[in-house]
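Take a look at the structure below.
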Amino acid sequence: MSHSRRLSGRKIAVLAADGFEKVELVIPMRALQLAGAKTEIVSLRRGRIRGVNLHMPATRVGVDKVVTDADPGDYDGLLLPGGFINPDLLRQSAAARDFVRAFDHARKPIATLCHGPWVLASAGLLTGRTLTSWPGIRDDLVNAGATWLDREVVRDRNLVTSRGPQDMRAFLPATLDIFAESSNQSQTVTNHNGSDPQLNKPLGWAVAALHWSPKPSAAALTSVAAAAIASPLRRRVSIKN
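FYI, in this note's numbering the residues of the sequence shown are 12 to 252.
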């Protein structure tokens, strides 16, 4: 099997609701497909759900399965895109929380970024975990029991997280790596002494990301996804108990 098709035979659930951030669903899902994986969008309702570019309406995508009808056992991994509205809706759904818990309890890989870890917090999965996210939800995750790091990508056992779309070139290779692994594959161990501190003001990259995100072209989305297939991950933090 070629390296570019290393996810052939893998089936990945993409859990999303209305208000998903377009780049955080479209780019990772396209990268997974280019790597050979089958993807299915699982949501809270049937039909088509609406994405956003920040606060502006964006692409609609078709839902493959309603979460109440989806069996976590049918999938090899879970992708949780972010956005402001999407994870807020998901975290209020008992069915979505149960769906996410099933992946973690089975030690199946979960990849999420930006505000996506909100769903993990509401599912009660963050005690003793180390991760990153959009900086604005740092306190929520720490209060849920996590150690929060200000890094472009953090790996903790079956969980890969990134801060937001500005980290996409690091998030995609890490996501492909974790979905390609067998469950017993070894990982690098890095220890940390607590969370990184609260911010004194919004970081420059976070502000810049808000300028980059709106209305990315289809060509740009595809090129970023394709680059992830061959691009090595330059910077990664890995955690393992």
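Backbone N, C-alpha and C fix where the C-beta goes; we use that ideal spot for every residue, glycine too.
Limits of the beta strand (DSSP E) - the one that P83 falls within | Translated into the one-based positions of the sequence shown, residue 83 becomes position 72. Segment: none, P83 is in no beta strand (DSSP E) and carries neither H nor E.
Between the beta-carbon of F190 and the beta-carbon of R21, is there less than 8 Å?
-> Your numbering for residue 190 matches position 179 in the sequence shown. Your numbering for residue 21 matches position 10 in the sequence shown. The answer is yes: Cβ separation under 8 Å.
Just grab the DSSP bridge partners of K22 for me.
-> Translated into positions along the sequence shown, residue 22 becomes position 11. In the DSSP output, where bridge partners are listed per residue, K22 has K49.
What's the call for Q177, buried or exposed, on a 16-neighbour Cβ count within 10 Å?
-> Along the sequence shown, read from residue 1 onward, the residue named residue 177 stands at position 166. Buried, by the Cβ-count rule.
Sort R102, H66, P68 and L36 by Cα distance to D151 and report the nearest one.
-> For the purposes of this step, residue 151 is taken as the residue at position 140 of the sequence shown. With distances taken between Cα atoms, D151 lies closest to R102.
Could you spell out where the alpha helix (DSSP H) holding S144 opens and where it closes?
-> Translated into the one-based positions of the sequence shown, residue 144 becomes position 133. S144 -> no alpha helix (DSSP H), and no H or E assigned at all.
Please state if the CB of V130 and the CB of I96 are separated by a distance shorter than 8 Å.
-> Working through the sequence shown from its first residue, we reach residue 96 at position 85. Working through the sequence shown from its first residue, we reach residue 130 at position 119. No Cβ-Cβ contact shorter than 8 Å links I96 with V130.
Express the C-alpha separation of E32 and T143 in angstroms, rounding to a whole number.
-> In the sequence shown, residue 143 corresponds to position 132, counting from 1. In the sequence shown, residue 32 corresponds to position 21, counting from 1. Those two C-alpha atoms are separated by around 17 Å.
First and last residue of the uninterrupted alpha helix (DSSP H) at A132 = Within the sequence shown, the letter at position 121 stands for residue 132. Residue range P128 to S133 is occupied by the alpha helix (DSSP H) that includes A132.
Under 8 Å, do D167 and T138 count as touching if we go by C-beta distance?
-> As a working note, residue 167 is residue 156 in the sequence shown. As a working note, residue 138 is residue 127 in the sequence shown. No. Outside cutoff.
Which residue or residues does DSSP assign as beta-bridge partners of G62?
-> Along the sequence shown, read from residue 1 onward, the residue named residue 62 stands at position 51. For G62, which the question treats as bridged, DSSP gives the partners F31.
Selection from A113, G94 and S54 that minimises the alpha carbon distance to P68 | One-based indexing of the sequence shown puts residue 68 at position 57. When A113, G94 and S54 are compared, the shortest CA-CA separation from P68 is found for G94.
On a CA-only basis, which of R59, D188 and R174 is nearest A42? Give me that one, please.
-> Walking along the sequence shown from the start, residue 42 turns up at place 31. Residue nearest to A42 within the set R59, D188 and R174 is D188 (criterion: CA-CA distance).
Between the CA atoms of D109 and D82 - distance to the nearest angstrom = Here residue 82 refers to the residue found at position 71 when the sequence shown is read from its first residue. Here residue 109 refers to the residue found at position 98 when the sequence shown is read from its first residue. Each residue's alpha carbon lies about 11 Å from the other.
Where D207 and V165 are concerned, what is the direct C-alpha to C-alpha distance, given to the nearest angstrom?
-> In the sequence shown, the residue the question calls residue 207 occupies position 196. In the sequence shown, the residue the question calls residue 165 occupies position 154. Their Cα atoms are separated by approximately 13 Å.
Length-filtered (4 minimum) alpha helix (DSSP H) runs lying within the segment 154-211 = Fully contained in the segment 154-211 are the following alpha helix (DSSP H) runs of length 4 or more, in chain order: 179-191.
Does any residue of chain C bring its CB to less than 8 Å from the CB of L124?
-> In the structure shown, chain C does not exist; there is a single protein chain.
Three-state secondary structure (DSSP) of P117 = Along the sequence shown, one-based indexing puts residue 117 at 106. Before going further, note that residue 117 is Ala rather than Pro in the sequence given. In this structure, A117 counts as coil in the three-state DSSP scheme.
Go to R102, then tell me how far its alpha helix (DSSP H) extends in each direction, as first and last residue.
-> Along the sequence shown, one-based indexing puts residue 102 at 91. Its alpha helix (DSSP H) spans residues N97 to R102.
Separation of D29 from R149, as counted between CA atoms | Position 138 of the sequence shown, counted from the first residue, corresponds to residue 149. Position 18 of the sequence shown, counted from the first residue, corresponds to residue 29. Cα atoms of R149 and D29: separation of roughly 23 Å, rounded to the nearest angstrom.
Expressed to the nearest angstrom, what Euclidean distance is found between the alpha-carbon atoms of G175 and G84?
-> Start at 1 with the first residue of the sequence shown, and residue 175 comes out as number 164. Start at 1 with the first residue of the sequence shown, and residue 84 comes out as number 73. Spanning the two alpha carbons is a distance of roughly 28 Å.
Under a Cβ-count criterion, where at least 16 other Cβ atoms within 10 Å of its own Cβ denotes burial, should G135 be classed as buried or exposed?
-> Position 124 of the sequence shown holds residue 135. Exposed, because fewer than 16 other Cβ atoms sit within 10 Å of the Cβ of G135.
Who are the Cβ neighbours of L210 in its own chain at under 7 Å, not counting the five residues just before and after it?
-> Counted from its first residue, the sequence shown places residue 210 at position 199. Cβ neighbours of L210 within its own chain (closer than 7 Å, five residues either side excluded): P146.
Based on Cα-Cα distance, which residue from S173, N169 and N154 lies nearest to K161?
-> Walking along the sequence shown from the start, residue 161 turns up at place 150. With the sequence shown as reference, residue 161 is identified as Asp, and Lys is not the correct amino acid for it. Ranking the options by Cα distance to D161, first place goes to S173.
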